[in-house]
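Going line by line, the protein sequences match chains A and B. Note that the UniProt record's numbering numbers the first sequence so that position 110 is 110, with each residue one more than the last. Note that the UniProt record's numbering numbers the second sequence so that position 181 is 181, with each residue one more than the last. Idealized CB from N, CA, C, for every residue including glycine. Remember, it's a predicted structure, so these values are computed and weren't measured experimentally.
Number of protein chains: 2
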Amino acid sequence: MVTRDDVAKHAGVSVAVVSYVINNKSVVKEETRQKVLRSIEELGYNPNLAARSLKTKETHQYGVLFNNLGNPFETGISLGLEAKAREYGRSLIFQTYLGEEEEQLKTIYMGRTDGLILLGQSLQESTIRHFEKLGVPLLSITAPAAAHPSVRCIDIDWYGAMHDLLKHLKENGHTRIGFMGTESKEHHHQVRHSEFCKAISALGLQYDPDGLLQADGRLESAQARMLERLKSPEPLEFSAIVCANDLMAIGVLSACKDAGIRVPEDLSVAGCENILMSSHTSPALTTVHYPRRLSGFMAIDQMMKLKEGQDQPGTSSTILEHNLIIRESTGARSPE
Amino acid sequence: MVTRDDVAKHAGVSVAVVSYVINNKSVVKEETRQKVLRSIEELGYNPNLAARSLKTKETHQYGVLFNNLGNPFETGISLGLEAKAREYGRSLIFQTYLGEEEEQLKTIYMGRTDGLILLGQSLQESTIRHFEKLGVPLLSITAPAAAHPSVRCIDIDWYGAMHDLLKHLKENGHTRIGFMGTESKEHHHQVRHSEFCKAISALGLQYDPDGLLQADGRLESAQARMLERLKSPEPLEFSAIVCANDLMAIGVLSACKDAGIRVPEDLSVAGCENILMSSHTSPALTTVHYPRRLSGFMAIDQMMKLKEGQDQPGTSSTILEHNLIIRESTGARSPE
DNA sequence: TTGTAAGCGTTATCAA
DNA sequence: TTGATAACGCTTACAA
């Protein structure tokens, strides 16, 4: 490996000068600078980042915690994170979050990250304090079920989104509306569910708690759960169903197809997130658009600002624009 | 930050002993060990990984180079990579590969990675040599268009896969078969295309070079390209089309729907990779299954073995099992 | 404008 | 079985 010492020797200067050149300290004489630059080029020198961050306490890496890399919602966000991080010369360490291994985060990221980006996870109080003490900021894209003051959030206004969606369904004659959520109490889908409930009552609609179906956020489990429900002899409690994400909504669509239920003639189905695939199902899915790429941009931007101490107290929560996308999977019911 | 010095002081031992305990050197007296362990616990100590890798020259991190994080094929592989890496206590640095910024890889990964996992990219000779010199092994999941002896590969047998698929189409009466690939000469889809061509002639089928449609691997561009083709007055050169990946095949499906072409009655469509979504389109997509998760497992396993010097010369290329999945999008043509 | 040297938190060698 | 101490490659006072 070529080290800074090699460069110094080759260029006939001291190691400090090499550092000055690399870090663009303007003190260096232009002639010397060129000499050093030439040596760097000739030797193919690259600074060792581990050594650098040991000294500077800056790693130029951010940790990103996934729930499910297989969900295009999360990869869509990462696309934004990654592009913006690249702009700033930052790298991302991706990790799937597993509740039972939360303790390990402390080990994995020690001396390896300038900040942690969550995708809606509710970390334990002790973990949050640990990173706080280390000066590693936490930021969540889409708010955790259990909000914590020292975790800043980027999200859309779920109440507004649910209100828009439910208003659309109401206008199509639906009064009884179901919900498919995610079982875990700590999952960020809980926020979507609770705002759904608020919007339901604000609009004077009915919500039968029996009309709550629980899956785990994945397509397959949603499909299985819905199929099971459709096969039971009892009639559905609802004429329309809102799913906490598109993946589950697509699973519901498939279950309806399997069971011979027509969408939207027999049942209206809506999702959340507007992943690419939701416009390529048949029927195409009505959904709430979540600005994924933008949320990733904002997250990195905020991290960079936090670093520069521009920690404005008002910015602990950022609300992004949402959009209702009406497609074919919702509409008026047609009685055979 | 709590350092090893703090622990040593707290436990009343030297710093060396703390290291011994952490790294499980068996020399330490059990009583001392317990004392140190208790101090570590009490102080909430975690070893600084930057310092450690500076000393040991091992980073316990692997770089992963994506083409498109939005492609479920790539995230499916990552799911495998991530799970296996976790088992071994390794972290992954994800990066989107951009040809024009290849030079930067040398900087980004300096002192930060024990190995680089490619997803079919063809790196420049000089880049490959750079990492070779540093002792950073390169491994590609799905073979690059330009194979290089020092990059080991994990892939399926694309000739076999294409042969299976084309045989199925031939049995359904198709003789003229088109292909949708990816434009760039360096893209790993080129391998799929060339093996397609070989299988075509082995089976005595026709392949009209005009029947080659070029997109960029994404759904949207495939849809646009196919729609454009369908709108031109000339009749199609083929009665069936194979797409280099499922995402593009789904785009083709959407284009057909837009243009009023029935699948498979008017045109058979097949993909590659068998992403989750391909079983939820209508018609469901015929495709070649690629064992994504497994390929990720193998990649990490190989990396770990390379490290231990178990660099068997025979293992530079690993072939995984593939499967033809026949669904609804292919079949016999029905003349109106 | 450049050089010397201390120190970042580890591991590992060598003595004790 | 333990303790000093020299690296690892870098940044950054401070001195020259």
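Only those residues of the segment 210–225 of chain B whose C-beta falls short of 7 Å from the nearest C-beta of chain A are listed: L219.
Going by beta carbons, V7/B and V17/B fall outside the 7 Å limit.
If you draw a straight line from the Cα of T107/A to the Cα of P137/B, it comes to about 25 Å.
When the alpha-carbon of E183/A is set against those of L203/A, A222/A and C197/A, the nearest one is in A222/A. Proximity of the segment 254–265 of chain B to the segment 208–226 of chain B meets the contact definition, three or more beta-carbon pairs being nearer than 8 Å.
Interface annotation, K185/A: not in contact with chain B, CB-CB separation never under 7 Å.
Classified as buried, N46/A has 16 or more neighbouring CB atoms from the shown chains inside 10 Å of its CB. Ranking A85/B, Q124/B and G160/B by CA distance to the CA of D114/B puts A85/B first. Within the segment 92–106 of chain B, the residues whose Cβ lies closer than 9 Å to any Cβ of chain A are, in chain order, L92, I93, F94, Q95, T96, L98, E101, Q104 and K106. From the beta-carbon of E82/B, the residues of chain A found nearer than 9 Å are F66, L69, F94, Q95 and T96. The three-state reading of DSSP puts M110/A in coil, since its state is none of H, G, I, E or B. The segment 261–275 of chain B makes contact with the segment 231–243 of chain B, as at least three CB pairs between them are under 8 Å.
Taking a contact as a CB-CB distance under 8 Å, the pair M180/A and V252/A counts as one, their CB atoms being some 6 Å apart. Unbroken beta strand (DSSP E) runs of no fewer than 3 residues, entirely contained in the segment 69–102 of chain A, are found at 91–96, following chain order. Going by beta carbons, L65/B and L118/B fall inside the 7 Å limit. Leaving aside the five residues that flank F297/B on each side, the residues in its chain whose CB is nearer than 7 Å to its CB run, in chain order, G80 and K84. DSSP places T127/A inside the alpha helix (DSSP H), whose first and last residues are E125 to L134.
Within the same chain, and ignoring the five residues on either side of R4/B in sequence, the residues whose Cβ sits closer than 6 Å to its Cβ are V15 and V18. Pairing A299/B with L139/B gives a Cβ-Cβ distance under 7 Å.
In this structure, DSSP gives V242/A an extended state, which the three-state scheme calls strand.
Contact annotation: L165/A and L324/A have beta-carbon atoms nearer than 7 Å. Contact between P149/A and G120/A does not hold, since their C-beta atoms are separated by about 17 Å, which reaches or exceeds 8 Å.
With 16 or more other Cβ atoms from the protein chains shown falling within 10 Å of its own Cβ, R33/B counts as buried. Residues of chain B with a Cβ closer than 9 Å to the Cβ of T142/A do not exist, since the nearest Cβ in that chain sits about 18 Å away. Here the segment 122–130 of chain A lies against the segment 95–106 of chain A, with 3 or more beta-carbon pairs under 8 Å apart. At a cut-off of 7 Å, the C-beta of T75/A has a neighbouring C-beta in chain B. A straight line joining the alpha-carbon of V151/B with that of T142/B spans about 11 Å. The three-state reading of DSSP puts L324/A in strand, counting E and B together. Shown here, G217/B sits in coil according to DSSP, grouped into three states, outside any helix or strand.
Listed in chain order, the non-local C-beta contacts of G173/A below 7 Å within the same chain comprise A332 and R333, local neighbours out to five positions each way being set aside. Here the alpha carbons of L169/A and G204/A stand approximately 12 Å from one another. The residue from G111/B, L294/B, Y290/B and Q302/B with its alpha-carbon nearest to that of H322/B is Y290/B.
In the DSSP assignment, C153/A is bridged to S140/A and S317/A. For I117/A, the enclosing beta strand (DSSP E) stretches over residues G115 to L118.
The C-alpha of I40/B lies about 10 Å from the C-alpha of V21/B.
Take S91/B, set aside five residues on each side of it, and the residues of its chain with a beta-carbon closer than 8 Å to its own are H60, Q61, Y62 and A85, in chain order.
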